[in-house]
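Comments concern the structure below.
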Amino acid sequence: MKSFQFLTLIAILFVSAERTSCAENTLLVEYFPKVVKQGGVCFVRASGPASIKTVYGEFRGEKFPMAFAGHKRTNEGLLGIDMNTRPATYELKVIAKDGKRRVYTSALLLKVEKVEFKTQTLSLPSSMVDLDPQTLERVEREEKRLKDLFQGYRDEKLWSGAFVRPVPGESTTAFGLRRIINGQARNPHTGVDLRADEGAPVLASNSGVVALVDQLFFSGKSVILDHGWGTYSMYFHLSQTLVSEGDRVRTGAMLGRVGSTGRSKGPHLHWGIRINGARVDPLSLLRLTENLRE
Ligand SMILES: [Zn+2]
Numbered sequence: 478m479k480s481f482q483f484l485t486l487i488a489i490l491f492v493s494a495e496r497t498s499c500a501e502n503t504l505l506v507e508y509f510p511k512v513v514k515q516g517g518v519c520f521v522r523a524s525g526p527a528s529i530k531t532v533y534g535e536f537r538g539e540k541f542p543m544a545f546a547g548h549k550r551t552n553e554g555l556l557g558i559d560m561n562t563r564p565a566t567y568e569l570k571v572i573a574k575d576g577k578r579r580v581y582t583s584a585l586l587l588k589v590e591k592v593e594f595k596t597q598t599l600s601l602p603s604s605m606v607d608l609d610p611q612t613l614e615r616v617e618r619e620e621k622r623l624k625d626l627f628q629g630y631r632d633e634k635l636w637s638g639a640f641v642r643p644v645p646g647e648s649t650t651a652f653g654l655r656r657i658i659n660g661q662a663r664n665p666h667t668g669v670d671l672r673a674d675e676g677a678p679v680l681a682s683n684s685g686v687v688a689l690v691d692q693l694f695f696s697g698k699s700v701i702l703d704h705g706w707g708t709y710s711m712y713f714h715l716s717q718t719l720v721s722e723g724d725r726v727r728t729g730a731m732l733g734r735v736g737s738t739g740r741s742k743g744p745h746l747h748w749g750i751r752i753n754g755a756r757v758d759p760l761s762l763l764r765l766t767e768n769l770r771e
């Protein structure tokens, strides 16, 4: 993992119970980057005494899991910074516990930088915007279903190495765009729209399990992958889906074909990422993981 060569290792000593050697009582934490934009992602890795059983992080009063990484007694996790996180410098804590009630804590600083998300103002016929009660109920039901799905956590890392673009086209509508339709603020854009032709293959951006295949009101034909560690990727407006819920897929596997189903102005791929419920910019996950090696 090249990027980490440049990081300062931060060791916070833990004092409790009887003293043994320093190395034995130290929790080492690396994190990258140390300044994250709204909608960005931070990689956190901790290593400590062999006796450690559980490790988790804490950010803004919420826990985020850090899974056993399988080598050198390390635990790793991704911290997603939701697009609406207030810009400030926050404490990032890593807490490790062993089987004997010893607690090792490391407190670090993570700065969240403001992003000037653009605002788009649109006027549309009200029939396209205002939903009848039945449709509204459907939309709310689907939103809840996705929210519940994104709260899930698989204590297993299914992804490996770099995340990749599901289609090669560039971004046409940026992450975080705020939309005002007929004078009313609507949901911001929580993914990126990528240029692609109708029927173009949509590829898995990393390995994972297919968590959802369905036709949703706004998103149309949709596939959602669970990559483990609370990380999900979604692929919307497809013309065709080619996988089933529960399928295991590898990076680059074909999930379906580009389309314009649901509320969509024309063929394109909407690609979204959630990390432990946080709405993050898929392109920031690409940048973060491009230097990761297994
Ligand atoms: Zn979109």
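Going letter by letter, the sequence shown gives residues 478 to 771 in the working numbering. By construction, the Cβ of each residue, glycine as well, lies at the ideal position given by its N, Cα and C atoms.
Taking one beta carbon from each stretch, the region 751-763 and the region 551-558 have 3 or more pairs nearer than 8 angstroms; the two touch.
For residue 652, the secondary structure class from DSSP, reduced to helix, strand or coil, is coil. In the same chain as residue 767, and ignoring 5 residues on each side of it, the C-beta atoms closer than 6 angstroms to its own belong to 639, in chain order.
If you look at residue 612, you'll find it isn't in any beta strand (DSSP E); it sits in the alpha helix (DSSP H) that goes 610-627. Exclusion of residue 596 from the 7 angstroms shell around ligand 1 follows from its C-beta lying no nearer than that to any non-hydrogen atom of the ligand.
In the displayed model, residue 502 falls within a helix according to three-state DSSP.
With respect to residue 634, residue 544 sits close: the two C-beta atoms are nearer than 8 angstroms. Assigned with DSSP and collapsed to three states, residue 735 falls in coil, not helix or strand. A residue is listed when its beta-carbon falls short of 6 angstroms from at least one non-hydrogen atom of ligand 1; in chain order these are 650, 666, 668, 670 and 747.
Separation of residue 576 and residue 658 (C-alpha to C-alpha, rounded to the nearest whole angstrom) is 55 angstroms.
Sequence-distant Cβ neighbours of residue 535 in its own chain, meaning closer than 6 angstroms and more than five residues away, are 570.
When the alpha-carbon of residue 613 is set against those of 694, 716 and 700, the nearest one is in 694. The criterion of a C-beta distance shorter than 8 angstroms is not satisfied by residue 645 and residue 679. In terms of CA proximity to residue 757, 515 leads the group 552, 649, 515 and 698. Cβ-Cβ separation between residue 681 and residue 736: approximately 17 angstroms, too far for a contact (criterion under 8 angstroms). In the assembly as shown, residue 696 is a buried residue. Its beta-carbon has 16 or more other beta-carbons within 10 Å.
Within 10 angstroms of the beta-carbon of residue 727 lie fewer than 16 other beta-carbons, which makes it exposed. By the Cβ rule, the region 740-752 counts as touching the region 712-725, because three or more pairs are nearer than 8 angstroms.
Between residue 751 and the set 720, 656 and 630, the nearest pair of CA atoms involves 630. In this structure residue 616 does not touch residue 623 by the C-beta definition: roughly 11 angstroms separates them, more than the 8 angstroms allowed.
In this structure residue 636 is in contact with residue 708, their Cβ atoms being roughly 6 angstroms apart against a cut-off of 8 angstroms.
Under DSSP, residue 572 takes part in a beta bridge, and its partners are 533 and 582.
DSSP, reduced to helix, strand and coil, places residue 761 within a helical segment of the structure shown.
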